[in-house]
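Student:
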Amino acid sequence: MTAETATPSSINEPNATLYVSNIDWKIKKPILRRALHTLFSRHGKILEIITLRKQGLRGQAWVVFSSVATATAALQAEQNFTFFDKNLKIAYAKEKSDRVAKIDGTFVPKDRRKAKREREAKEAAENAKRMKLEGGSGDGVTVEDPSVLVPSEGGDINQTSATQSSSAAVEIPPSNILFAESLPKDCTEMMLACLFRSYPGYKEVRMPRSGLAFIEFDDEPQASVALKALDGFNLSETEALNLKYGKA
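If you read the sequence shown in this note's numbering, its first letter stands for residue 13, the second for the next number, and so on.
1. Assuming contact is defined by CB atoms lying nearer than 7 Å, are T63 and K40 in contact in what I supplied?
2. Can you look up N254 in the DSSP assignment and give me helix, strand or coil?
3. What residues are listed by DSSP as bridge partners for T94?
4. If we ignore side chains and look at the alpha-carbon of each, how far apart do E251 and S194 end up?
5. Since R45 and I61 should fall inside the 8 Å C-beta cutoff, what is the C-beta to C-beta distance between them, to a whole number of angstroms?
6. Report the option in L69, Q67, A83 and E232 whose CA atom is closest to the CA atom of H55.
7. As an exercise, report each continuous alpha helix (DSSP H) stretch of at least 4 residues that is fully enclosed by the segment 31-79, in chain order.
8. How long is the line joining the alpha carbons of G166 and A73, rounded to whole angstroms?
9. P212: which of N188, L51 and P196 sits nearest, CA to CA?
10. Under a Cβ-count criterion, where at least 16 other Cβ atoms within 10 Å of its own Cβ denotes burial, should E90 be classed as buried or exposed?
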């Protein structure tokens, strides 16, 4: 995966890779990856999430979608979203990921990309020198040398179809409250709020203890829509969201 660092103020060509910054770098890597997956996967299929702990790269992440359309939807919806008490800054990455490039047939090996950048830099320097000698403005073309990012182990986050079923001794009638059980230990109220906040009538998430949560809506029909859409949602490669109605 290669993706140059992009700042939200820069304007890059739309592509399937998003550069996410202003992340609290103190968040542990497994929790960060799960939270990013929860936040962004509702917009479309994610091929890869890259988070690095190297000096100078903390507080940043790259989210690789399967298409430009889904990446654009995620960028527009989650820009400035409050993520662990900090507002996310999101932009298109300066380069598409190697994974996407291989899929669309535009992949160029890293050594060839480096040679091309060096050639462009040399040509730019020669052009600037020639313009100066000819009485031109002397303004050259700046060509950045982007840092090359290597995906961390376990970088792939694939949305596989997985569902968990739970049989209740007493069936609870539909209500405006949903009950989630068997949640991952590192699942937080914020992660669940990322999923449910886009559904009409959403009010709040409450977690009385680890592994359990109650999600409240204004009324039962609105809760039912969210239950139907998110029951079985993949929280990770191996864990799915198990939803049912809670007691009102």
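Glycine included, C-beta positions come from ideal geometry on N, C-alpha and C.
None of these values were measured; they are calculated from a predicted model.
Tutor: To lay it out plainly:
1. Taking the C-beta atoms as reference points, K40 is found no nearer than 7 Å to T63.
2. Residue state, collapsed to three classes: strand.
3. Beta-bridge pairing links T94 to N99.
4. Using only the alpha carbons, I get a separation of about 9 Å.
5. Rounded, the Cβ-Cβ distance is 6 Å, consistent with contact.
6. Just measuring C-alpha positions, the residue of L69, Q67, A83 and E232 sitting nearest H55 is A83.
7. Taking only runs of at least 4 residues, the alpha helix (DSSP H) segments lying wholly in the segment 31-79 are 41-52.
8. The pLDDT assigned to G166 is 49, lower than 50, so where the model puts this residue is not dependable; a value taken from the coordinates is nonetheless given after this. Between the alpha carbons of G166 and A73 lies a distance of about 14 Å.
9. In terms of CA proximity to P212, N188 leads the group N188, L51 and P196.
10. When all chains shown are included, E90 counts as buried.
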